[in-house]
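Engineer: Before I ask anything, here is the structure I am working with.
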Amino acid sequence: MSKKITILIILFNMIAFSQNEDPAAEATIEEAVLEESPSEEMEDDENEMFNDISFSFDLEEGNTDHLALSGGWSFSLTGNMGPFKDTEFMTSINVNKATLSGEEYANDYSAHIQFDWMANGSFSPFLFGDKSADVSIGLKNRTNFGIGAKQRFGRIFSVSAAALYENETTGIWDDEIEEEIDSLMTFSRLSVRPKVKIKLNDGATVIDYRTYWKPKLSNFDDYLWENELTVSIETFYESFMIDFSFTHKFISRYKYGAVLRSEDSWIILDYEYDEDLDDYLPIYDEDSKFYKDTDTALSIGLSFSL
18 MSKKITILII LFNMIAFSQN EDPAAEATIE EAVLEESPSE EMEDDENEMF
68 NDISFSFDLE EGNTDHLALS GGWSFSLTGN MGPFKDTEFM TSINVNKATL
118 SGEEYANDYS AHIQFDWMAN GSFSPFLFGD KSADVSIGLK NRTNFGIGAK
168 QRFGRIFSVS AAALYENETT GIWDDEIEEE IDSLMTFSRL SVRPKVKIKL
218 NDGATVIDYR TYWKPKLSNF DDYLWENELT VSIETFYESF MIDFSFTHKF
268 ISRYKYGAVL RSEDSWIILD YEYDEDLDDY LPIYDEDSKF YKDTDTALSI
318 GLSFSL
């Protein structure tokens with residue numbers, strides 16, 4: 018007997034505004050959330066808080082045994098905080114785990130925290146920290162802390178630059194001792210992020226594209242390159258959105274210097290008999306032995322705001 022249980026996506030958004038509860042004012046502030054063009058300092062009564070919680074669960078048993086779990090939480094608080102005017106504090110956590118026939122094929126998480134000062138001005142300094150892991154690329158831990166600034170050029174284009182201190186642990190296969198070992202590196206990295214954000218139909222459609230170039234300061238040929246494109250389209254009901262997301266990630270180290278994956282993940286094509294060992298030995302797909310340098314992801318979802 019086969020059975021399948023699926024909870025697609027549960028999204029719950031909450032926006033809280035201080036001293037601003039009438040419906041007419043709510044529409045005005047919702048437009049302000051979308052708008053990123055430079056503005057004057059925010060007053061105390063324009064402070065706002067935003068929460069977003071998402072969860073996804075998929076279970077199949079029988080001819081196909083599949084389990085997938087994912088969830089996320091994000092929080093932001095904007096406004097005036099003591100002597101710091103027009104600030105934005107944000108934090109987020111995302112977790113994803115999946116198995117097929119008992120074999121793990123996805124296990125990753127990311128956590129982010131950031132503080133922006135003069136967030137809606139033409140120039141905005143910020144502090145941030147990140148922690149992440151992704152077994153699909155051998156990343157057991159990546160922790161970094163940084164400081165940077167963002168400069169806006171007009172209403173749709175901005176550039177951010179930051180310097181960060183990073184600690185990274187990667188699991189790689191050592192063919193000589195035939196076991197996985199941890200490669201621990203500590204270094205400084207530069208991060209440059211151009212961003213384009215376009216709003217159409219009075220903000221009903223938002224197109225957001227950003228690209229990150231993150232070289233090591235000691236070797237600019239060793240870098241991460243990440244692209245993110247999101248498109249949000251408001252439907253007939255303004256709180257109901259259709260969201261398209263595409264991501265592209267490139268690791269130069271995996272392209273220019275082959276790194277072996279764990280032997281458990283190598284794909285066996287066939288077996289051949291070895292007379293010396295009097296045994297059958299596996300013939301592996303050579304490409305499956307090494308981490309790929311590029312990952313892409315495409316998703317389409319729905320969100321509902323209250």
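Each residue of the sequence shown is one higher than the last, beginning at 18 in the numbering used here.
C-beta atoms are modelled at their ideal positions from N, C-alpha and C, and glycine is treated no differently.
By the 10 Å Cβ neighbour count, where 16 or more other Cβ atoms means buried, how is residue 164 classified, buried or exposed?
Structural biologist: Walking along the sequence shown from the start, residue 164 turns up at place 147. The residue is exposed, with fewer than 16 neighbouring Cβ atoms inside 10 Å.
Engineer: Thinking C-beta only, is residue 260 closer than 8 Å to residue 318?
Structural biologist: Residue 318 sits at position 301 when you count from the first residue of the sequence shown. Residue 260 sits at position 243 when you count from the first residue of the sequence shown. For residue 318 and residue 260, yes; Cβs fall inside 8 Å.
Engineer: Which same chain residues, not among the five before or five after residue 118, have their C-beta less than 7 Å away from its C-beta?
Structural biologist: Locating residue 118 in the sequence shown gives position 101, counting from the first residue. So the qualifying residues of the chain are 82.
Engineer: Cα separation between residue 160 and residue 126?
Structural biologist: In the sequence shown, counting from the first residue as 1, residue 160 sits at position 143. In the sequence shown, counting from the first residue as 1, residue 126 sits at position 109. In a straight line, the C-alpha of residue 160 is about 12 Å away from that of residue 126.
Engineer: Is there contact here, the stretch 231-239 with the stretch 248-258, by at least three beta-carbon pairs under 8 Å?
Structural biologist: These segments do not touch.
Engineer: Answer with buried or exposed for residue 316, where buried requires no fewer than 16 other C-beta atoms within 10 angstroms of its C-beta.
Structural biologist: Position 299 of the sequence shown, counting from 1, holds the residue named residue 316. Under this definition residue 316 is an exposed residue.
Engineer: Going by alpha carbons, who is nearest to residue 228 out of 202, 266, 206, 66?
Structural biologist: The residue given as residue 228 occupies position 211 in the sequence shown. When only C-alpha atoms are compared, the closest one is 266.
Engineer: Is residue 225 close to chain C? Criterion is C-beta to C-beta, closer than 8 Å.
Structural biologist: The chain labelled as chain C is not found in the depicted structure, where only one protein chain is given.
Engineer: In chain order, what residues of the same chain have a beta carbon less than 6 Å from the beta carbon of residue 201, not counting five sequence neighbours either side?
Structural biologist: On the sequence shown, residue 201 is found 184 positions in, with the first residue counted as 1. 186, listed in sequence order.
Engineer: Which runs of the beta strand (DSSP E) spanning at least 3 residues fall entirely within the stretch 100-137, listed in chain order?
Structural biologist: If we require 3 residues or more, the beta strand (DSSP E) runs fully inside the stretch 100-137 come out as 101-117, 120-133.
Engineer: Report all residues from its chain with a CB closer than 8 Å to the CB of residue 122; omit the five preceding and five following residues, and keep chain order.
Structural biologist: Against the sequence shown, residue 122 aligns to sequence position 105. The residues are 115, 116, 153.
Engineer: If we ignore side chains and look at the alpha-carbon of each, how far apart do residue 211 and residue 191 end up?
Structural biologist: Against the sequence shown, residue 211 aligns to sequence position 194. Against the sequence shown, residue 191 aligns to sequence position 174. So the two alpha carbons sit approximately 38 Å from each other.
Engineer: Taking the Cβ atom as the reference point for each residue, do residue 143 and residue 168 lie within a distance shorter than 8 Å?
Structural biologist: Here residue 143 refers to the residue found at position 126 when the sequence shown is read from its first residue. Here residue 168 refers to the residue found at position 151 when the sequence shown is read from its first residue. No, these two residues do not count as a Cβ contact at 8 Å.
Engineer: Please report the straight-line C-alpha distance between residue 313 and residue 84, rounded to a whole angstrom.
Structural biologist: Mapped onto the sequence shown, residue 313 falls at position 296. Mapped onto the sequence shown, residue 84 falls at position 67. So the two alpha carbons sit approximately 21 Å from each other.
Engineer: So, are the CB atoms of residue 132 and residue 93 less than 8 Å apart?
Structural biologist: In the sequence shown, counting from the first residue as 1, residue 132 sits at position 115. In the sequence shown, counting from the first residue as 1, residue 93 sits at position 76. Taking 8 Å as the Cβ cut-off, residue 132 and residue 93 do not qualify as a contacting pair.
Engineer: How would you label residue 172, buried or exposed, when you count the other beta carbons within 10 angstroms and need 16 or more for buried?
Structural biologist: Translated into the one-based positions of the sequence shown, residue 172 becomes position 155. So residue 172 ends up on the exposed side.
Engineer: Is residue 203 near residue 184, with beta carbons less than 8 Å apart?
Structural biologist: Locating residue 203 in the sequence shown gives position 186, counting from the first residue. Locating residue 184 in the sequence shown gives position 167, counting from the first residue. Yes; because the gap between Cβ atoms is below 8 Å, this pair is in contact.
Engineer: Please state whether the Cβ-Cβ distance between residue 307 and residue 277 is less than 8 Å.
Structural biologist: Here residue 307 is taken as the residue at index 290 of the sequence shown, counted from 1. Here residue 277 is taken as the residue at index 260 of the sequence shown, counted from 1. Yes, the Cβ-Cβ distance between residue 307 and residue 277 is below 8 Å.
Engineer: With distances taken from CA atoms, which of 208, 188, 128 is nearest residue 166?
Structural biologist: Start at 1 with the first residue of the sequence shown, and residue 166 comes out as number 149. Ranking 208, 188, 128 by Cα distance to residue 166 puts 208 first.
Engineer: Use the C-beta contact count for residue 311: other C-beta atoms within 10 angstroms, 16 or more gives buried, fewer gives exposed.
Structural biologist: The residue given as residue 311 occupies position 294 in the sequence shown. Classification of residue 311: exposed, given that the 10 Å Cβ count is below 16.
Engineer: What is the rounded straight-line gap between the Cα of residue 180 and the Cα of residue 91?
Structural biologist: Walking along the sequence shown from the start, residue 180 turns up at place 163. Walking along the sequence shown from the start, residue 91 turns up at place 74. Each residue's Cα considered, the two are about 24 Å apart.
Engineer: What are the start and end residues of the beta strand (DSSP E) that includes residue 271?
Structural biologist: Sequence index remark: in the sequence shown, residue 271 carries index 254 (1-based). Note, residue 271: premise wrong, no beta strand (DSSP E); alpha helix (DSSP H) at 269-273.
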